[in-house]
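Some notes on the structure that comes next.
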Amino acid sequence: MSIRFTAEQRSPLEVTDTLLVPVLADGSLDASVQELDRALDGALRQGLSSLGLSGRVGQAAVLPTWGRLPARCLVVTGIGSQERQTADQIRRAWGAAAQAAAEAGVRTLSSPLPAVEGLDPGAVCRAAVEGVGLGAYRFLEYRTSSEAARQLEHVVFLADPAAVERPIARGRTTVEAVNLARDLVNRPANDLSPERLAGIAWELAEQVGLECTVYDRGMLEEIGAGAILAVGQGSRHEPRLIHLVYRPAGDSLASIGLVGKGVTFDSGGLSIKPAEGMERMKGDMAGAAAVIGTLRAVAELGLPLTVHGVVAAAENMPDGAAFRPGDILRALNGKTIEVISTDAEGRLLLADALTYAARQGVQLLIDLATLTGACVVALGKQGTGLFGTDRALLDGLVRAGERAGEKLWPLPLWDEYLELLKSEHADIKNTGGRWGGAVNAALFLREFTEGVTWAHLDIAGPAWAERAGPLGPAGGTGHGVCTLVYFLEDYANR
Ligand code: BES
Ligand code: MN
Ligand code: ZN
-4 MSIRFTAEQR SPLEVTDTLL VPVLADGSLD ASVQELDRAL DGALRQGLSS
46 LGLSGRVGQA AVLPTWGRLP ARCLVVTGIG SQERQTADQI RRAWGAAAQA
96 AAEAGVRTLS SPLPAVEGLD PGAVCRAAVE GVGLGAYRFL EYRTSSEAAR
146 QLEHVVFLAD PAAVERPIAR GRTTVEAVNL ARDLVNRPAN DLSPERLAGI
196 AWELAEQVGL ECTVYDRGML EEIGAGAILA VGQGSRHEPR LIHLVYRPAG
246 DSLASIGLVG KGVTFDSGGL SIKPAEGMER MKGDMAGAAA VIGTLRAVAE
296 LGLPLTVHGV VAAAENMPDG AAFRPGDILR ALNGKTIEVI STDAEGRLLL
346 ADALTYAARQ GVQLLIDLAT LTGACVVALG KQGTGLFGTD RALLDGLVRA
396 GERAGEKLWP LPLWDEYLEL LKSEHADIKN TGGRWGGAVN AALFLREFTE
446 GVTWAHLDIA GPAWAERAGP LGPAGGTGHG VCTLVYFLED YANR
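Each step along the sequence shown adds one to the number in my numbering, with nothing skipped, and position 28 is 23.
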C-alpha cells in the first residue's frame, strides 16, 4: 500500500487541503468537526440534508467549500448513530471516504478522529487506517490501460502524533496483510500454480523473516501425504505443502498452527463442476491466502508467539491421471479415505495439512478453507461457519471477528453425523450426502487433528465479494486475516 499516514495536532479549521467530515445518522456533524458548522452558521448541516446525505455508514460525498472555509473541499462520510458506534463502523466510514476522495482525484486527505464510547483513541485511529487502506484497494495487475491511476496518497490525522503512531503502524500492517491475501485470491490460476504460490510464500519469508520449507511431490511421497498427492495428480502443476514458521526473537508464550486450503483452481476434478461460475474457483485458495497474509502480519508485529503457517496447495483437474471416485487414499496419519466425490477435495488436502501441523507441537490449530457450498447456503455470503473443539477458542475467535468486522457464527460438530461418513471399504469417506454438508465436512476434518485443540473456519461465502463495498472492490476479500490478526494479538496479551 503506497498511502502514507501521518498525524498533526491541528484543528479542522486550520486544514487548507481536503478535510474529512464525519456526519452522524441524525444529520449532525460529529463533535470532532463541530467548529466547522459554527464557522458556517449551520450552512453545512443544511447543505447535507438538501443533498440527501443521511449519515448512514457507507455513504460519502465530496463537497466544495466555495471559499467559506480554509479547507478547499470536504469529504463527508456517514458514521451512523452516536450511541452504537463500533470500530467496524469507523472502518467502513473511512473506507467509503477514501473511495470518494480517490474518485474525485484527492491526493491528501486530512482527517479528524471522532471520540467513540468504549474505544480508546488508538483503536479508532487504527480502524480508520484499516478502512482507508482496505477501501482504496484495487487489483490492477492485469490492466494495461492507465485509466485507474487515481490514488489517494496521504492521510493526515488531526491528532497527537505520539498517541497514534503505533495504531497507525498496526493498522497499516493489518491492511497490507489483508491486501496481500486479496492479491493472491484475485490472481488467476494461469499465473498461480501451487508451485508459484510456494514461490510467493518463500519470497515473503525472505522479506519478513520467516522459516519456509516447501514439500514437492517427491517429499510428499516420502512423508506419506497421500491425500494431498491424490488431489494434485490430475494437474500438470504438481502439489506443494508449504510450511512457514514465525519464531519471536524473545520468549514464545505459545505455539499456534494456522492451516489453509490452497486449491489454486477447483474444476471439481472428474466430479466436474457446472460451467457457470467456475471462474470463481480461482479463489479456492483463499484459506491459504489468509494464512500467508496473517503470517506476514505476525512477523511485522513481532508477536511473542510461535506461529506455524501450513498450506496444502494443489490444482484439482480432470485428466487421464486424475484421482477418481472410488479411489481409496492413505492419508498422512495412516487413515484410509474412500473418495466419493473428487469435488470434495479441500477436506482431503486439509486432512494431511492438519496432521502435519498438529505434529509441529502446537497447542492450537486453526484452519481456514473455502470448503463447502452448504456453508454459504446456511449463513449466506457474509458469514463464516465456525466449528471447533473448545468453547473458549471459539468465543475468542467470534470476539476478534466482531472487532475485525467479520461475521463468524458457530455451527455444531454433532457426533451422530459421523455415521454419514462411514465407508464400505475404507476408514472414512469424503462426503456425507446433501444434508448438513458444512457440518459433515468439519467432522471429517476433526479426524485428522490428532486431538489438538482446533477451530475450523469455512469461508466459502465471505472469501469472495460479489459486489464492491466500502471496504473494497468485488473479488477476493482477504476475509479471515483481520480476525486472525486481532485474535493473535489478544492471545499474546492474555
Ligand atoms: N471449493 C468448493 C466449495 C465452494 C463452493 C467454495 C462455492 C466457494 C463457493 C469445494 O471444494 C466443493 O466443491 N465442495 C463441494 C462438496 C461436496 C462435493 C460434498 C460442495 O460444496 O458442493
Ligand atoms: Mn471442490
Ligand atoms: Zn474446493
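C-beta: ideal position from N, C-alpha, C; glycine also.
| Asked | Found |
| --- | --- |
| Hey, would you say residue 107 sits closer than 9 Å to residue 23, going by beta carbons? | no |
| Along the chain, which unbroken stretches of the beta strand (DSSP E) at least 3 residues long are found entirely within the stretch 120 to 156? | 149 to 153 |
| How far does the alpha helix (DSSP H) with residue 45 in it extend, from its first residue to its last? | 38 to 46 |
| The ligand BES heavy atoms versus the CB of residue 322: any closer than 8 Å? | no |
| Check for me: the beta strand (DSSP E) holding residue 251 runs from which residue to which? | 250 to 261 |
| Around the ligand ZN, which residues pass a check of Cβ closer than 5 Å to any of its heavy atoms? | 258, 261, 279 and 341 |
| On the three-state DSSP scale, how would you describe residue 333? | strand |
| Does DSSP put residue 267 in a helix, in a strand, or in coil? | coil |
| Reducing DSSP to helix, strand and coil, say where residue 177 ends up. | helix |
| May I ask whether a heavy atom of the ligand MN can be found less than 8 Å away from the beta carbon of residue 268? | yes |
| Quickly, what does DSSP pair residue 13 with across the bridge? List them, please. | 68 and 104 |
| Cβ of residue 311 versus every heavy atom of the ligand MN: is any distance shorter than 8 Å? | yes |
| For residue 449, is the classification buried or exposed, using 16 other Cβ atoms within 10 angstroms of its Cβ as the cut-off for buried? | buried |
| Given this structure, state the Cα-to-Cα distance separating residue 53 from residue 408, to the nearest angstrom. | 36 Å |
| Measure the alpha-carbon distance for residue 237 versus residue 396 and round it to whole angstroms. | 26 Å |
| Should residue 178 be listed as close to the ligand MN, given that the test is whether its C-beta is under 8 Å from any heavy atom? | no |
| Can we count residue 436 as close to the ligand BES, meaning its CB is less than 8 Å from some heavy atom? | yes |
| Just to confirm, is the Cβ distance from residue 300 to residue 326 under 9 Å? | no |
| Can you list, in chain order, the residues of its chain whose CB lies under 6 Å from that of residue 467, leaving out five sequence neighbours each side? | 129 and 132 |
| Measure the C-alpha to C-alpha separation of residue 50 and residue 278 and round it to an integer number of angstroms. | 34 Å |
| Which residue wins for smallest C-alpha separation from residue 150, given the options 309, -1 and 39? | -1 |
| Once the 5 residues before and after residue 222 are set aside, which same chain residues still bring their CB inside 6 Å of it? | 324, 326, 343, 346 and 347 |
| Taking the DSSP output, what are the residues bridged to residue 452? | 363 and 381 |
| Within the chosen definition, does the stretch 88 to 103 reach the stretch 430 to 437 through at least 3 CB pairs nearer than 8 Å? | no |
| Report buried or exposed for residue 136, applying the criterion of at least 16 other Cβ atoms within 10 angstroms of its Cβ. | exposed |
| From this set, 314, 84, 31 and 358, which residue's C-alpha is nearest residue 227's C-alpha? | 314 |
| Applying the criterion that 16 or more other CB atoms from any shown protein chain within 10 Å of the CB defines a buried residue, is residue 145 buried or exposed? | exposed |
| According to DSSP, is residue 404 helix, strand or coil? | strand |
| Given this structure, state the Cα-to-Cα distance separating residue 280 from residue 268, to the nearest angstrom. | 17 Å |
| Can you list, in chain order, the stretches of the beta strand (DSSP E) that have 3 or more residues and sit fully within the stretch 182 to 228? | 206 to 210 |
| Does the beta-carbon of residue 214 have 16 or more other beta-carbons within 10 angstroms, so that it is buried, or is it exposed? | exposed |
| Thinking just about the alpha-carbon of each residue, which of 370, 147, 388 and 428 is nearest to the one in residue 478? | 388 |
| Nearest to residue 341 by CA position, among 321, 357 and 362, is which residue? | 362 |
| Count the other C-beta atoms from every protein chain shown that fall within 10 angstroms of the C-beta of residue 372, then say buried if there are 16 or more, exposed otherwise. | exposed |
| For the ligand MN, is there a heavy atom less than 8 Å away from the beta-carbon of residue 339? | yes |
| Using DSSP with H/G/I as helix, E/B as strand and the rest coil, what is residue 73? | strand |
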